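Written out below as structure tokens is the structure these notes cover.
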Amino acid sequence: MILGYKKQADQVKYFQGIVITAAIFCLPSLITDLSWLHGLVPLPVFYYLICFGQKQGTTLVSIALLIAGGISAIFGTLSILLFSLTMLPLGFVFAKTIARHETANEAGLKGVIYLITIWTVLGTLYATISGTNPYTEALTSLDKTLEASYTLYSQSAEVPVETLQEIQSAFKQLRLLIARMFPALLLSSTFFTVWLNMLFGRWLLIKKSPSLSPWNDFKEWKLPEILVWVVILAVVQLLLPIESIKTLGLNTAFVLGVLYFFQGLSILSCLLAKWSVPQPFKVLIYLLVLIQVYGIILLSLIGIADIWANFRKKQPAAS
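The numbering of the sequence shown is this note's numbering, which starts it at 12 and goes up by one.
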């Protein structure tokens, strides 16, 4: 009787997994406000492959994929679905690293390499077939969005002429800066996608059973210390008078800033737990830090300083 009930409960969870996975696959292509779900496509794949095993998990993902494909075909959004599904194998990459008991850094590196490889290959194929450059198209689209934002702001707000000229100059500089930093923005979005799926994936697995994930708690996560030499190299490049080297240094510094922001966030999480800060205050602190640029920069600097300061070191127990 108990075994029968357990089997029935597992079947319900399996069906729920199919529905949830299919929803995450197809909803971003159907509802514009849910387009942020594109980045979480690997998450259900990763989670259910671990929970149900390789064979049953793959079957679940396949069924969900067929359902999502059918729905997208009906609504004419199949091309958008196909793009978001380029991230689907990332879930298999994470599941395989867990099965091999690899570290979070190893899993993250493999995830980043996969995404860079698949997007480079698909971008090259798209450029060959269409005769256009997807990189240039994306940059042009972003530039037009910024231009439209400025136009909308200047027409809707009663701003003095002098102030409007200053804002126009700032927008122009921003557009030039984004054009220089666009490679770093693309690479950073890859890091963020991998990091977010690993963070949520581990949280879900630990919530189900602590034995399912070998990765350390995010509060303990840190980058290899040798990476600080790349930071120093990027700073040196920024100081050189050669424009192309400065641009390389700018992109390198931005990408490393994102990585050390993750480390700074893990330090903040560790300290809040260490000081037993109540949950509502934790949420407030995270919001205050993350909604402003200065808070993000501060966390990046804390992440770098941790190499020498070791903010998370445990105090020796009192005798």
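Built from N, CA and C at the ideal position, the CB exists for glycine as well. The structure displayed is predicted, hence computed values, not measured ones.
Original post:
First and last residue of the alpha helix (DSSP H) that includes Arg213?
Top reply: It spans Val172 to Lys219 - the alpha helix (DSSP H) in which Arg213 sits, taken as one unbroken run.
Subject >> Close Cβ partners of Asp317 (< 8 Å) along its chain, the five nearest in sequence each way excluded >> reply: Lys233, Gln274, Gly275, Ile278 and Arg323, listed in sequence order.
**OP:** Could you tell me the boundaries of the alpha helix (DSSP H) in which Gln290 lies?
**Re:** Per DSSP, Gln290 belongs to the alpha helix (DSSP H) from Gln290 to Leu301.
Original post:
When you compare each of Ile129, Pro225 and Tyr271 to Val239 by their alpha carbons, which one comes out closest?
Top reply: Of Ile129, Pro225 and Tyr271, the residue nearest in Cα terms is Tyr271.
Subject >> Ile315 classed as buried or exposed, judged by whether at least 16 other C-beta atoms fall within 10 angstroms >> reply: Taking all protein chains in view, the Cβ of Ile315 is crowded by 16 or more other Cβ atoms within 10 Å, so the residue is classified as buried.
Original post:
Are the CB atoms of Tyr58 and Leu71 nearer to each other than 7 Å?
Top reply: Not in contact: Tyr58 and Leu71 (Cβ atoms no closer than 7 Å).
**OP:** My understanding is that Leu133 touches Thr88, with C-beta atoms under 8 Å, so please give their C-beta distance in whole angstroms.
**Re:** About 18 Å; that fails the 8 Å criterion.
**OP:** With Gly119 as the anchor, note down where its alpha helix (DSSP H) starts and where it stops.
**Re:** Here the alpha helix (DSSP H) through Gly119 covers Ala115 to Ser141.
Original post:
Tell me which same chain residues have a C-beta within less than 7 Å of the C-beta of Cys37, skipping the five on either side of it?
Top reply: Within the same chain, Cys37 has close Cβ partners Ala79, Ile82, Ser83 and Leu92.
**OP:** With DSSP as the reference, label Ile35 as helix, strand or coil.
**Re:** The three-state reading of DSSP puts Ile35 in helix, counting H, G and I together.
Original post:
Can you name, in chain order, every residue of its own chain whose Cβ lies under 7 Å from the Cβ of Met192, other than the five neighbours on each side?
Top reply: These residues qualify, in order along the chain: Leu261, Asn262 and Phe265.
Subject >> Assigned secondary structure, Ala254 (DSSP; H/G/I helix, E/B strand, else coil) >> reply: Here the sequence assigns Glu to residue 254, which means Ala is not the residue at that position. Looking at Glu254 - three-state DSSP - the assignment turns out to be helix.
Original post:
Would the beta-carbon of Ile61 fall within 7 Å of that of Ala118?
Top reply: No.
Original post:
Roughly how many angstroms lie between the CA atoms of Tyr164 and Gln179, to the nearest whole one?
Top reply: Cα to Cα, the separation comes out at about 10 Å.
Original post:
With contact counted as at least three CB pairs below 8 Å, one residue from each stretch, are the region 120 to 131 and the region 219 to 230 in contact?
Top reply: Contact fails: fewer than three Cβ-Cβ distances are below 8 Å.
Original post:
Taking DSSP as the reference, what is the three-state secondary structure of Gly80?
Top reply: Shown here, Gly80 sits in a helix according to DSSP, grouped into three states.
**OP:** Give me the Cα-Cα distance between Glu254 and Thr151, rounded to the nearest whole angstrom.
**Re:** Their backbone Cα atoms lie some 22 Å apart in a straight line.
Original post:
What is the DSSP secondary structure of Ile313, counted as helix, strand or coil?
Top reply: Assignment of Ile313 by DSSP, reduced to helix, strand and coil, places it in the helix class.
**OP:** Assuming Asp154 contacts Arg186 (C-beta within less than 8 Å), just tell me the rounded distance between them.
**Re:** Going by Cβ atoms, the distance from Asp154 to Arg186 rounds to 6 Å, so yes, they are a contact pair.
Subject >> Proximity to Thr131 [Cα-Cα], best of Pro194, Ile31 and Ser160 >> reply: Comparing Cα positions, the closest option is Pro194.
Subject >> Assigned secondary structure, Phe322 (DSSP; H/G/I helix, E/B strand, else coil) >> reply: DSSP places Phe322 outside both helix and strand once states are collapsed to three, so it counts as coil.
Subject >> Between the CA atoms of Val288 and Ile296 - distance to the nearest angstrom >> reply: Each residue's Cα considered, the two are about 10 Å apart.
Original post:
To the nearest angstrom, how far is it from the Cα of Pro252 to the Cα of Met209?
Top reply: A straight line joining the alpha-carbon of Pro252 with that of Met209 spans about 40 Å.
Subject >> Whether Ser90 touches Pro39 by CB criterion (7 Å) >> reply: Taking 7 Å as the Cβ cut-off, Ser90 and Pro39 do not qualify as a contacting pair.
Original post:
Which term fits Val205, buried or exposed, when burial requires 16 or more other beta carbons within 10 angstroms of its beta carbon?
Top reply: Val205 comes out buried.
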